[in-house]
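Q:
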Amino acid sequence: MILENDANAAALGEKWLGAARDLDDMCMLTLGTGVGGGLVLGGRIFHGMTGMAAEFGHFTVYPDGHPCNCGNRGCVEQYASATAIVRMAREEIAGGSATQLARAAESDPEFSAKIIYNLAIQGDEPARDIFRRVGEALGIVLADIINGLNLPMYVIGGGVSSAWEAFAPAIFSTLPRRSMVYAATAPPERTQAAAGAAGEVQPRTAARRTIVTRALMGSDAGLYGAARLPLLA
Ligand SMILES: [Zn+2]
Numbered sequence: 068m069i070l071e072n073d074a075n076a077a078a079l080g081e082k083w084l085g086a087a088r089d090l091d092d093m094c095m096l097t098l099g100t101g102v103g104g105g106l107v108l109g110g111r112i113f114h115g116m117t118g119m120a121a122e123f124g125h126f127t128v129y130p131d132g133h134p135c136n137c138g139n140r141g142c143v144e145q146y147a148s149a150t151a152i153v154r155m156a157r158e159e160i161a162g163g164s165a166t167q168l169a170r171a172a173e174s175d176p177e178f179s180a181k182i183i184y185n186l187a188i189q190g191d192e193p194a195r196d197i198f199r200r201v202g203e204a205l206g207i208v209l210a211d212i213i214n215g216l217n218l219p220m221y222v223i224g225g226g227v228s229s230a231w232e233a234f235a236p237a238i239f240s241t242l243p244r245r246s247m248v249y250a251a252t253a254p255p256e257r258t259q260a261a262a263g264a265a266g267e268v269q270p271r272t273a274a275r276r277t278i279v280t281r282a283l284m285g286s287d288a289g290l291y292g293a294a295r296l297p298l299l300a
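The numbering of the sequence shown is the numbering used here, which starts it at 68 and goes up by one.
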């Protein structure tokens with residue numbers, strides 16, 4: 068029997084049949100109730116010394132930020148998980164200016180990240196701002212991972228990734244400012260967007276680009292990845 072954690076299995080699923088199916092090296096962040104990480108190198112999950120590698124969800128994005136269950140403060144999990152989205156919404160509501168969010172929280176006992184996303188795409192500014200913070204936290208952690216690993220692809224999956232439209236713009240505005248590796252290897256359209264903002268980013272490498280994209284497999288990625296494991300054993 069082979070045991071593999073969900074985030075690793077999801078990464079392998081995306082590598083096998085999903086967004087990264089033509090690549091041997093990739094990284095995946097899974098945004099669910101927490102934030103999981105998976106790293107595939109040479110077509111195989113990289114486990115590290117004791118199986119604890121790729122805990123990207125516990126990379127620090129804000130040194131004095133919200134306390135995390137892991138003992139650290141300001142982990143990306145505290146800003147980019149479904150749990151964090153609901154917490155940030157409740158903080159906004161407590162602040163007193165988020166009237167739409169307050170109304171939604173009052174009327175729905177299962178006040179969820181999905182409800183907050185629906186308000187965001189309807190244009191509610193406090194809800195939109197929460198997803199900007201999600202994207203900024205992801206941009207910061209992705210910039211660190213990109214600088215460290217220089218992989219061809221980074222996939223964002225998990226339930227929260229269905230809110231891609233709401234948080235992705237903040238990822239792509241954060242990345243070129245925080246990662247020189249990304250700035251040098253971003254796809255042309257991203258580079259131009261960055262050049263428009265920063266005025267000096269020049270594409271240097273013709274073919275090899277850093278792709279940050281959403282998962283293709285949805286919640287099936289973990290199942291497909293798990294199915295793949297016995298084949299690699
Ligand atoms: Zn943590």
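Even glycine gets a Cβ: it sits at the ideal position worked out from N, Cα and C.
For N214, is the classification buried or exposed, using 16 other Cβ atoms within 10 angstroms of its Cβ as the cut-off for buried?
A: Position 147 of the sequence shown, counted from the start, is the residue given in the question as residue 214. Per the 10 Å Cβ criterion, exposed.
Q: Taking DSSP as the reference, what is the three-state secondary structure of R199?
A: Here the question's residue 199 lines up with position 132 in the sequence shown. It is helical.
Q: Counting C-beta neighbours from all protein chains within 10 Å, is the total for I212 16 or more, i.e. buried, or is it exposed?
A: Counting from 1 along the sequence shown, the entry for residue 212 is found at position 145. By the 10 Å Cβ count, I212 comes out buried.
Q: Skipping 5 residues on each side, what residues in its chain have a beta carbon closer than 6 Å to that of L90?
A: Reading the sequence shown from its first residue, position 23 is the one you call residue 90. If we look at L90 and ignore the five residues flanking it on each side, its Cβ neighbours are P219, M220.
Q: Should C94 be counted as a contact of ligand 1 given a C-beta to heavy atom distance under 7 Å?
A: Start at 1 with the first residue of the sequence shown, and residue 94 comes out as number 27. The answer is no for C94.
Q: Quick check on P130: does DSSP put it in helix, strand or coil?
A: Working through the sequence shown from its first residue, we reach residue 130 at position 63. Coil, per DSSP.
Q: What do you get for P243, buried or exposed, if any count of 16 or more other CB atoms within 10 angstroms of its CB means buried?
A: Position 176 of the sequence shown, counted from the first residue, corresponds to residue 243. Buried: at least 16 other Cβ atoms inside 10 Å.
Q: Determine whether the beta carbon atoms of T280 and V222 lie at a separation below 8 Å.
A: Locating residue 280 in the sequence shown gives position 213, where the first residue counts as 1. Locating residue 222 in the sequence shown gives position 155, where the first residue counts as 1. Yes, Cβ-Cβ distance for T280 and V222 is below 8 Å.
Q: Verify the contact flag: E159, CB atom, against every heavy atom of ligand 1, threshold strictly below 7 Å.
A: By one-based count along the sequence shown, residue 159 stands at place 92. E159: no, Cβ never under 7 Å from ligand 1.
Q: Looking at the strands, I want to know which residues DSSP matches up with G104.
A: Reading the sequence shown from its first residue, position 37 is the one you call residue 104. In DSSP, G104 forms a bridge with L96.
Q: Would you call the CB atoms of I112 and M155 closer than 8 Å?
A: Translated into the one-based positions of the sequence shown, residue 112 becomes position 45. Translated into the one-based positions of the sequence shown, residue 155 becomes position 88. Their beta carbons are not under 8 Å apart, which means I112 does not touch M155 by this criterion.
Q: Regarding E144 and ligand 1, is the C-beta to nearest heavy atom distance less than 7 Å?
A: As a working note, residue 144 is residue 77 in the sequence shown. Yes.
Q: When DSSP builds the beta bridges, which residues end up paired with I112?
A: The residue you call residue 112 lines up with position 45 of the sequence shown. The partner list for I112 (beta bridge, DSSP) reads V107.
Q: Helix, strand or coil: how does DSSP classify R140 here?
A: As a first step, residue 140 must be located in the sequence shown, where it is residue number 73. Correct three-state label for R140: strand.
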